[in-house]
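J.: Chains as they are written, first to last, in the working numbering: chain A, 1 to 320; chain B, 1 to 641.
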Amino acid sequence: MAIEALLEKWQGKINSVTIGATAAEGGTRTHTVTVGGQTALPFLFKEGALPNKPVIAFEIWDCAPDDWPPELATVYRADWSHPLEWAARCVKEYKAGLLSVRLQGLHPDCGNKKPEEAAEFVRALLKKTGVPLIITGCGDDDKDNIALPLCSEAAKGQRCLFGSALQDNYKTLTAAVLADGHSLIAESPIDINIAKQLNILISDMGLSPARLVINPTIGPLGYGLEYAYSIMERCRLAALAGDTMVAMPFICFVGQESWKIKEARASIREFPQWGPEKERGIIWEAMTAAALIQAGADILVMRHPVAAQKVREYIDSLCS
Amino acid sequence: MAKLTVKFIPDNKTVEVEKDRTIASAALSAGVPLNAACGGDGVCGRCRVLVRKGQVGALATGRMSLADMRKGLYLACQTTVQSDLEVEVPAESRLDMDRLSAEEIDRRLKGFYGPSEDVQSLEAAAPVKPAFTGSALTEKLYLELPPPTLQDCISDLERLYRQIQAQKDYIPEHAGLAAIRLLGELLRSAQWKVTATVGKRYGIIELLDVEPGDTASRNFGLVFDIGTTTVSGQLVDLQSARVLGTRATYNKQASFGSDVITRIMYAQKEEGLEKLHQAVVESMNAITHDLAAENSIDLNDVTCVVCAGNTTMIHLLLRIDPTYIRREPYVATANFIPVARAHEAGILVNPRALLFCLPGVASYVGGDVTAGVLACGLDTADDVNILIDIGTNGEVVVGNKEFLVCAAASAGPAFEGSGVSCGMRSSIGAIQKVTIDPKAFAVRYETIGSAPARGICGSGYIDCIAAMLTCGLLDKDGKIKAIDNPRIRATGAGREFVLAAAGENGCQADIVITEADIDNIKRAKAAIYAAVVSLLKHISLDFPAIKRIFIAGGFGTSLDIASAITIGLLPALKKETFVFVGNSSLTGARNTILSEEACATADEIAHKMTYCELSVEPGYMEEYMAALFFPHTDIARFGKK
Numbered sequence: 001m002a003i004e005a006l007l008e009k010w011q012g013k014i015n016s017v018t019i020g021a022t023a024a025e026g027g028t029r030t031h032t033v034t035v036g037g038q039t040a041l042p043f044l045f046k047e048g049a050l051p052n053k054p055v056i057a058f059e060i061w062d063c064a065p066d067d068w069p070p071e072l073a074t075v076y077r078a079d080w081s082h083p084l085e086w087a088a089r090c091v092k093e094y095k096a097g098l099l100s101v102r103l104q105g106l107h108p109d110c111g112n113k114k115p116e117e118a119a120e121f122v123r124a125l126l127k128k129t130g131v132p133l134i135i136t137g138c139g140d141d142d143k144d145n146i147a148l149p150l151c152s153e154a155a156k157g158q159r160c161l162f163g164s165a166l167q168d169n170y171k172t173l174t175a176a177v178l179a180d181g182h183s184l185i186a187e188s189p190i191d192i193n194i195a196k197q198l199n200i201l202i203s204d205m206g207l208s209p210a211r212l213v214i215n216p217t218i219g220p221l222g223y224g225l226e227y228a229y230s231i232m233e234r235c236r237l238a239a240l241a242g243d244t245m246v247a248m249p250f251i252c253f254v255g256q257e258s259w260k261i262k263e264a265r266a267s268i269r270e271f272p273q274w275g276p277e278k279e280r281g282i283i284w285e286a287m288t289a290a291a292l293i294q295a296g297a298d299i300l301v302m303r304h305p306v307a308a309q310k311v312r313e314y315i316d317s318l319c320s
Numbered sequence: 001m002a003k004l005t006v007k008f009i010p011d012n013k014t015v016e017v018e019k020d021r022t023i024a025s026a027a028l029s030a031g032v033p034l035n036a037a038c039g040g041d042g043v044c045g046r047c048r049v050l051v052r053k054g055q056v057g058a059l060a061t062g063r064m065s066l067a068d069m070r071k072g073l074y075l076a077c078q079t080t081v082q083s084d085l086e087v088e089v090p091a092e093s094r095l096d097m098d099r100l101s102a103e104e105i106d107r108r109l110k111g112f113y114g115p116s117e118d119v120q121s122l123e124a125a126a127p128v129k130p131a132f133t134g135s136a137l138t139e140k141l142y143l144e145l146p147p148p149t150l151q152d153c154i155s156d157l158e159r160l161y162r163q164i165q166a167q168k169d170y171i172p173e174h175a176g177l178a179a180i181r182l183l184g185e186l187l188r189s190a191q192w193k194v195t196a197t198v199g200k201r202y203g204i205i206e207l208l209d210v211e212p213g214d215t216a217s218r219n220f221g222l223v224f225d226i227g228t229t230t231v232s233g234q235l236v237d238l239q240s241a242r243v244l245g246t247r248a249t250y251n252k253q254a255s256f257g258s259d260v261i262t263r264i265m266y267a268q269k270e271e272g273l274e275k276l277h278q279a280v281v282e283s284m285n286a287i288t289h290d291l292a293a294e295n296s297i298d299l300n301d302v303t304c305v306v307c308a309g310n311t312t313m314i315h316l317l318l319r320i321d322p323t324y325i326r327r328e329p330y331v332a333t334a335n336f337i338p339v340a341r342a343h344e345a346g347i348l349v350n351p352r353a354l355l356f357c358l359p360g361v362a363s364y365v366g367g368d369v370t371a372g373v374l375a376c377g378l379d380t381a382d383d384v385n386i387l388i389d390i391g392t393n394g395e396v397v398v399g400n401k402e403f404l405v406c407a408a409a410s411a412g413p414a415f416e417g418s419g420v421s422c423g424m425r426s427s428i429g430a431i432q433k434v435t436i437d438p439k440a441f442a443v444r445y446e447t448i449g450s451a452p453a454r455g456i457c458g459s460g461y462i463d464c465i466a467a468m469l470t471c472g473l474l475d476k477d478g479k480i481k482a483i484d485n486p487r488i489r490a491t492g493a494g495r496e497f498v499l500a501a502a503g504e505n506g507c508q509a510d511i512v513i514t515e516a517d518i519d520n521i522k523r524a525k526a527a528i529y530a531a532v533v534s535l536l537k538h539i540s541l542d543f544p545a546i547k548r549i550f551i552a553g554g555f556g557t558s559l560d561i562a563s564a565i566t567i568g569l570l571p572a573l574k575k576e577t578f579v580f581v582g583n584s585s586l587t588g589a590r591n592t593i594l595s596e597e598a599c600a601t602a603d604e605i606a607h608k609m610t611y612c613e614l615s616v617e618p619g620y621m622e623e624y625m626a627a628l629f630f631p632h633t634d635i636a637r638f639g640k641k
C-alpha cells in the first residue's frame, strides 16, 4: 500500500542574495553567485523550492596567517606572502567560484596596515580575479570602522558581501555598504534574539533586509556544533513561518572555526590513536560543513581545498 | 570603652559612640537619616559625608576618588570613628524623609492621569467589583444592661454576652482576662450603661474591650499598604464607613537597602531584624499620629488595623525572621498570619485593637497582591482580566471567578529610581513627563510639584525613552545615536542625553539619561513583560482572551500608557483595555476592614490563587531575552514591520 507523504506547507521565503556584479550590472565580475530563495527546509525538495545550492567560498587573507596549522601551511605557504597569487590559485587550481578575504593585516597585532593599504589591496584583488568577493575586517572595531568604509568605496559597484556588522558596532559598516551598493553580514553570538535584533537595527538604518546575510557564529564538530545547529534551525523555522526579520541566508565560517581546535591541529605524535593529522583536519572541516549544510547554511567559508572538494561533492550528491 | 562624640551638621545633633563604629551607624543613633540604598555594603556610593574635624579610618572603596578623599569626603558606611568628629551631611546624601506632599498622595492613591490620557477610572471601567456586605471587623455596641436581681443572677460577663446576643445575631466566644478583671466595678460605676467593643477573628467573636457610657460613635480603623518604598495609611470611620484621611510616607527601612533582598540580608545582621522592624513601625506610627491629630481622634478609639504588604514587609512588621524567603526553595515562615494585637507589633493604637495582615500566596506574592485582586474584583469577573502591580518586585495575576494564577518577577529598582544615574523616587522635583522635539531635540518636561528638576522617576524614564525612540535618538537596542547635538555627549561608558542642564530652570546639576540607565530600564521592562507573557502561556491563553489589564502600584498611577507600550513594558492593546487602579492594595485593605465578608473573600482569594514560579518556568528566560529590545524582538507583536 502506498503511503502518502505528509508535506509541510510554509508561507515564508528566504531572501535571495546575489554577490558580485558583472559588466552588464555595472561591475567587473565574470559571474555572480546567488544564495537563498528557499521556501522549505534544506533538501526537502517536495515541500518547496530550493533554487540555489549551498556555495563554498575560499578563505584568503591579505597577509600571511600566523595561526594556520601545518596542514594548511603545506598547501598555501608558497603564496602567503603574495595574497593576490593566493587568490588566483584558489580560483584557478581549486575552482573557487567565490572568495572570502579577511583583511587581517589591518589588525594592530598583525602588521597594523594603514586603512588606505587595505583599500588598495581590495582594488588590486578585484583586478586580479573575476570572482565575486566576500570582504571581512580584522575584528578590531576601531580599525575596521576606518578601513572598511574605504574598502567599500574601493569596491563600489561590485556588489560584494561585507562583514561583519555586530550588535555593538553596526552603524559605520551599514552606512558604508548602503552607500556603495554592497550586501552585509550581520553577526550574532549564537543567539537567535540578537540575530533578529541586529537585522532590525540594520533595516532601521535603511538597508533592505534583502541585502543581509546572517552569520549565526558556529562551533565546529565537538565544540558546540549542535548548539549552532539548533539556533540555525530555529531561525529557519521562524523565517519559513513568516518572520521576515530572520529570513536571510546563512554564512558559516567553517574553516576558521574548524582549524582552531586541538583535534584538527594536534600531531600524530601527541595523539597516536587519533590517526595522521594530514587527514584529520580535513575531515573535521568537511564534517562540520556537512552538518551545517543540513541546518541550512548557504555560504560555507572554507580553507582546505580537499575539504572543500569533499563538501562540493556532498552538496552535488544531495542535490542530484 | 571610652566614648567618642560625633556631631552632625547642619542637624546639630551629637551622639556618643564607641571607637571603630562607622559614621553611618553613628548617624543612625543620632537620628540623622542617611541614604544607603545598598544597606551599608559600600557599593551604592550614596552616603557621602564631609569630615570637617577629627580622625577617621576609611576602608578602600572604588566609589570614592582620591581627589574626593583629599577634600575630606568619605562613605559613611565604610568609614570608622577614631576621634571626636564633626561631620557634615550634604543634602544629596540625606534620605528624604519628608512626608509626601498632599498632591503626591493624591496621585498615588487616587490615580493620576494626564489630561491627554484616555483611560477610564476604576469605578467607570470595573463594574465587576461588588459592594461587600457584612459589618466591619470591629464593632462598638452601646449596651444598657438590666442590673442583676435575685431572680436574674447570671454573672456579669454572661449578662454582657446576653445583651450583645439580644442586639446582634452573634454571641462572643472569647474575651480577654484583662477586660474581665475590670468588668465588675466598671459595669456598676457606669450604672450598667457601657460600650462593648467586639472583634471578628475569621468567624470567632471576641469581646475586646468594655468602656463606660456610650462611645459607639467613636470607632475607627487604620489600613496600611506597606510597600518596600512607600508606606501608605488611611483612617476609616468604622461606624459610617467613611474615609477620614490618607497619608503616605517613605518606608524608613529604605536606609537599610532599597529592595527586599538587601533588607532580608540586613535582617540577618546583628540587631538587623529589630532595626528593620522598628523602622517600618515608626513609619506607620508617624502616619497614625498625623491622621489622628488631623481628625482630633483619640488613638484609644482605633480598634482595628489591617495591613497589606509583600511577604517580606509583613515578616519584618511582625519581627519574624525573613531569612528563608531568600533561600531556595523560597519559603516564607507564614503566609496566613493569625489575627494578632496591633500593640504586639508596636503599632500605637488601642492596646486591645486587632491586627489583620492580609494573607499572601507565596514568598514573592504577598497580601498586597491579594488585596489588589480583591479591590479589582478579579475573583468575581466572568471575563479573564490581568492585574499588574509594577514595582521593584513586579507581580502579575491572571484570572476570573473560576481561577487565579499569579507570578512575581524581579524587575529591579530602576522604575523606582534606584540603580539609574539620575534616578529618584517620584517626589517633588522628579521629572515625570518628557516630550522631545524630533528636529532640534529640544526637551520639554514636567516635574512633580512643578519644582526645579532634581532627577528622573520611573514614569519619567519610560516617557523619556519612548520619546527618544520616537524621534530617532535611540536605536531599538537602546543605544544613543551619534548625532551632532549639544544634548548628546560621549562619555567613557557610552553616550548620554542631557534632559536638563545645570542652571536651566533652577536645576542644580545636569540631569542626564545614560546608555547604562536605558539598559537598566530595558531589563526591568523585559522582566515585567516576560512575566505577563509567560504566565499567560502557562495557562494557554493569549492577549486577545483578556478583557482588561489593571495596572496598580504607586508607580503605576503616573504611568503614560502610550509610552509604556512604545518601550514594550505593556502589550500593544487598545487603550480601553488598560485601567489604572492606583494603590489597589490600600483599597483592598479598606474593603477588608469594613466588611467581614471581604475579609473572608481575601482569605479565599489567597487560598485559591495558584503561584507559578517563573524561575523554573522554561519559557520565562526565553521570553525575557526576547523582550530585551525596544519594544520587543518579535516586533510584529507591537504592530511593527
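Just so you know, even glycine gets a beta-carbon here, dropped at the ideal spot from N, CA and C. Because the structure is a prediction, the values reported are computed rather than measured.
#1: With C-beta atoms as the reference, is residue 214 of chain B less than 7 angstroms away from residue 142 of chain B?
#2: CB-CB under 8 angstroms to residue 120 of chain A, same chain, minus the five flanking residues each way: which ones, in chain order?
#3: Residue 537 of chain B to residue 116 of chain A, Cα distance in whole Å?
#4: Leaving aside the five residues before and after residue 591 of chain B along the sequence, list all residues of the same chain whose C-beta is less than 7 angstroms from its C-beta, in chain order.
#5: Would you mind telling me which residues of chain A sit closer than 7 angstroms to residue 633 of chain B, beta carbon to beta carbon, in chain order?
#6: Short of 7 angstroms Cβ to Cβ, which residues in the region 133-163 of chain A face chain B?
#7: If you draw a straight line from the C-alpha of residue 200 of chain B to the C-alpha of residue 172 of chain B, how long is it?
#8: So, are the CB atoms of residue 460 of chain B and residue 431 of chain B less than 7 angstroms apart?
#9: Quick check: is the beta carbon of residue 200 of chain A nearer than 7 angstroms to any beta carbon in chain B?
#10: List, in chain order, every chain A residue whose beta-carbon is nearer than 7 angstroms to that of residue 475 of chain B.
#11: Return the CA-CA distance between residue 199 of chain A and residue 518 of chain B, expressed in angstroms with no decimal places.
#12: For the beta strand (DSSP E) holding residue 357 of chain B, just list the boundary residues, first then last.
#13: Do the CB positions of residue 310 of chain B and residue 389 of chain B come within less than 7 angstroms of each other?
#14: Tell me, please, which residues DSSP counts as bridged to residue 609 of chain B.
#15: List in chain order: all unbroken alpha helix (DSSP H) runs of 4+ residues lying wholly within the region 12-98 of chain B.
#16: Are the C-beta atoms of residue 178 of chain A and some chain B residue less than 7 angstroms apart?
#17: With residue 389 of chain B as the anchor, note down where its alpha helix (DSSP H) starts and where it stops.
#18: By the 7 angstroms beta-carbon criterion, what residues does the region 616-627 of chain B contribute toward chain A?
#19: For the alpha helix (DSSP H) holding residue 313 of chain A, just list the boundary residues, first then last.
#20: Using a Cβ-Cβ cutoff of less than 8 angstroms, which residues in the same chain neighbour residue 178 of chain B once the five nearest sequence positions on both sides are dropped?
#21: Going straight from the alpha carbon of residue 161 of chain A to that of residue 184 of chain A, what length do you get?
#22: Can you check whether the CB of residue 594 of chain B is closer than 7 angstroms to the CB of residue 241 of chain B?
#23: Less than 7 angstroms between the beta carbons of residue 633 of chain B and residue 52 of chain A, yes or no?
#24: Whole angstroms is fine: what's the gap from residue 581 of chain B's alpha carbon to residue 255 of chain B's?
#25: With 8 angstroms as the C-beta to C-beta threshold (strictly closer), list the residues of the region 338-361 of chain B near chain A in chain order.
#26: Please go through the same chain and pick out, in chain order, the residues whose beta-carbon is closer than 6 angstroms to the beta-carbon of residue 13 of chain A, but skip the five residues on each side of it.
#27: Relative to the C-alpha of residue 546 of chain B, which candidate in B:627, B:289, B:399 and B:508 has its C-alpha closest?
#28: Counting C-beta neighbours from all protein chains within 10 Å, is the total for residue 44 of chain A 16 or more, i.e. buried, or is it exposed?
#29: What do you get for residue 556 of chain B, buried or exposed, if any count of 16 or more other CB atoms within 10 angstroms of its CB means buried?
#30: For the 8 angstroms Cβ check, are there 3 or more pairs between the region 314-322 of chain B and the region 150-166 of chain B?
#31: Can you give, in chain order, each stretch of the beta strand (DSSP E) that sits fully within the region 526-569 of chain B and has at least 3 residues?
#32: Taking the continuous alpha helix (DSSP H) assigned at residue 295 of chain A, which residues delimit it?
#33: What are the boundary residues of the alpha helix (DSSP H) that includes residue 150 of chain A?
#34: Tell me, which residues are paired with residue 59 of chain A by DSSP?
#35: Is residue 629 of chain B close to chain A, meaning its C-beta is less than 7 angstroms from at least one C-beta of that chain?
#36: Can you give, in chain order, each stretch of the beta strand (DSSP E) that sits fully within the region 72-143 of chain A and has at least 3 residues?
T.: Working from what's here:
#1: Their beta carbons are under 7 angstroms apart, which means residue 214 of chain B touches residue 142 of chain B by this criterion.
#2: The residues are 154.
#3: One C-alpha to the other measures close to 55 angstroms.
#4: Apart from sequence neighbours up to five positions away, the residues of its chain that approach residue 591 of chain B with a beta-carbon distance below 7 angstroms are 132, 374, 375 and 598, ordered along the chain.
#5: Contact note: residue 633 of chain B reaches chain A through 193, 196 and 197, using a C-beta cutoff of 7 angstroms and chain order.
#6: For the region 133-163 of chain A, which is checked against every Cβ of chain B, not one residue is closer than 7 angstroms.
#7: Each residue's alpha carbon lies about 9 angstroms from the other.
#8: For residue 460 of chain B and residue 431 of chain B, yes; Cβs fall inside 7 angstroms.
#9: A Cβ of chain B is located within less than 7 angstroms of the beta carbon of residue 200 of chain A.
#10: Per Cβ cutoff of 7 angstroms: 201 and 204.
#11: Rounded to the nearest angstrom, the two C-alpha atoms are 21 angstroms apart.
#12: Following the DSSP letters along the chain, one finds residue 357 of chain B inside the beta strand (DSSP E) bounded by residues 354-357.
#13: Against a cut-off of 7 angstroms, the Cβ pair of residue 389 of chain B and residue 310 of chain B comes out as no contact.
#14: In the DSSP assignment, residue 609 of chain B forms a beta bridge with B:404.
#15: Runs of alpha helix (DSSP H) with 4 or more residues, each lying fully within the region 12-98 of chain B, are found at 23-30 and 66-70, listed in chain order.
#16: It does not; no Cβ of chain B falls within 7 angstroms.
#17: Careful: residue 389 of chain B lies outside any alpha helix (DSSP H), inside the beta strand (DSSP E) at 384-389.
#18: Those residues of the region 616-627 of chain B that come within reach of chain A (Cβ to Cβ, closer than 7 angstroms) are 625 and 626.
#19: 305-319 is the extent of the alpha helix (DSSP H) around residue 313 of chain A.
#20: Only residues of its own chain outside the window of five on either side were considered, and among them 352 have a CB closer than 8 angstroms to the CB of residue 178 of chain B, listed in chain order.
#21: For residue 161 of chain A and residue 184 of chain A, the distance between alpha carbons rounds to 5 angstroms.
#22: For the 7 angstroms CB-CB criterion, residue 241 of chain B and residue 594 of chain B form a contact.
#23: At least 7 angstroms separates the beta-carbon of residue 633 of chain B from that of residue 52 of chain A.
#24: Straight-line Cα distance between these residues: approximately 29 angstroms.
#25: Hits within the stretch: zero.
#26: Answer for residue 13 of chain A: 39, listed in chain order.
#27: Minimum Cα distance to residue 546 of chain B is reached at B:399.
#28: Exposed, because fewer than 16 other Cβ atoms sit within 10 Å of the Cβ of residue 44 of chain A.
#29: Its pLDDT being 44, under 50, residue 556 of chain B is placed unreliably by the model, and the measurement read from it follows with that caveat. Classification for residue 556 of chain B: buried.
#30: In short, these stretches do not touch, since the Cβ pair count stays below three.
#31: Correct list: 546-552.
#32: According to the DSSP assignment, residue 295 of chain A belongs to the alpha helix (DSSP H) that extends over 277-295.
#33: Taken as a continuous stretch (DSSP letters only), the alpha helix (DSSP H) holding residue 150 of chain A covers 141-154.
#34: Note: residue 59 of chain A sits in a beta bridge opposite A:100.
#35: A Cβ of chain A is located within less than 7 angstroms of the beta carbon of residue 629 of chain B.
#36: List check, beta strand (DSSP E) in window: 99-102 and 133-136.
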